[in-house]
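In the numbering used here, the protein residues as written are -1 to 161.
Glycine is no exception: its CB is placed at the ideal position from the N, C-alpha and C atoms.
Note that the structure is a prediction, hence the values are computed from the model and not measured.
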């Protein structure tokens, strides 16, 4: 994920979204925003934020607005999708999902979404391919890519059968 310092370059305004779990992440960011003399707003996200209100907040921002989203996974994803629909680019959005610690990983073979708690290799629940979570995020799948894990024998022989 982008460093916050680099993320704020060339931004004019910052809109911060946070729920109960994400509110503690805001203070260090507001300190950096104040140092750069940027204007900002904080939007508190209730348990089920209104799509209409969120769309209103997002649509009424000036060009060059940066979005920070610190919330539980389902709420953060909802705000992210509405921001993209409102015309924000990925480069304008800093997303931090907070909560159960699960990471969504999609299989490179069958594209099944697996939920994992750590970065250890796993067997896809659908096709049983052994995969390892990467840091390559797919906005299409809303998940990280799972690369195939090959045994040393397969790597040396140039074969791609899963053992």
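Which class does residue i belong to by DSSP, given the choice of helix, strand or coil?
{"i": "residue 131", "result": "strand"}
{"i": "residue 1", "result": "Confidence at residue 1 is low in this model, with a pLDDT of 48, below 50, so its placement is unreliable and no value can be given for it."}
{"i": "residue 161", "result": "Note that residue 161 scores 46 on pLDDT, short of 50, meaning its location in the model is unreliable; the coordinates nonetheless yield the value given after this. Correct three-state label for residue 161: coil."}
{"i": "residue 163", "result": "As shown, the chain starts at -1 and ends at 161. That puts residue 163 outside it, with no answer to give."}
{"i": "residue 84", "result": "coil"}
{"i": "residue 95", "result": "strand"}
{"i": "residue 56", "result": "helix"}
{"i": "residue 42", "result": "strand"}
{"i": "residue 137", "result": "coil"}
{"i": "residue 61", "result": "coil"}
{"i": "residue 48", "result": "coil"}
Near residue i, which residues of its chain fall below 6 Å by C-beta distance, leaving aside the five closest residues on each side in sequence?
{"i": "residue 11", "result": "37, 60 and 63"}
{"i": "residue 41", "result": "15 and 55"}
{"i": "residue 23", "result": "68"}
{"i": "residue 95", "result": "71 and 74"}
{"i": "residue 121", "result": "128"}
{"i": "residue 39", "result": "13"}
Name, in chain order, the residues that DSSP records as bridge partners for residue i.
{"i": "residue 113", "result": "102"}
{"i": "residue 77", "result": "Beta-bridge pairing links residue 77 to no other residue."}
Considering only residues of the same chain and omitting the five flanking positions on each side of residue i, which have a CB-CB separation below 7 Å?
{"i": "residue 51", "result": "none"}
{"i": "residue 143", "result": "104, 106, 132, 134 and 136"}
{"i": "residue 138", "result": "none"}
{"i": "residue 46", "result": "none"}
{"i": "residue 145", "result": "106, 129, 130 and 132"}
Please report whether the beta-carbon of residue i lies at a distance below 8 Å from any beta-carbon of chain C.
{"i": "residue 37", "result": "Going by chain labels, chain C is absent from the structure shown, which holds only one protein chain."}
Starting from the C-beta of residue i, find all residues in its chain whose C-beta is less than 8 Å away, skip the five residues before and the five after it, and write them out in chain order.
{"i": "residue 49", "result": "76 and 80"}
{"i": "residue 180", "result": "Here the chain has residues from -1 to 161 only, and residue 180 is not among them."}
{"i": "residue 19", "result": "68, 69, 70, 96 and 97"}
{"i": "residue 125", "result": "105, 107, 108 and 110"}
Tell whether a beta-carbon distance below 8 Å holds between residue i and residue j.
{"i": "residue 93", "j": "residue 78", "result": "yes"}
{"i": "residue 66", "j": "residue 27", "result": "yes"}
{"i": "residue 43", "j": "residue 69", "result": "yes"}
{"i": "residue 102", "j": "residue 91", "result": "no"}
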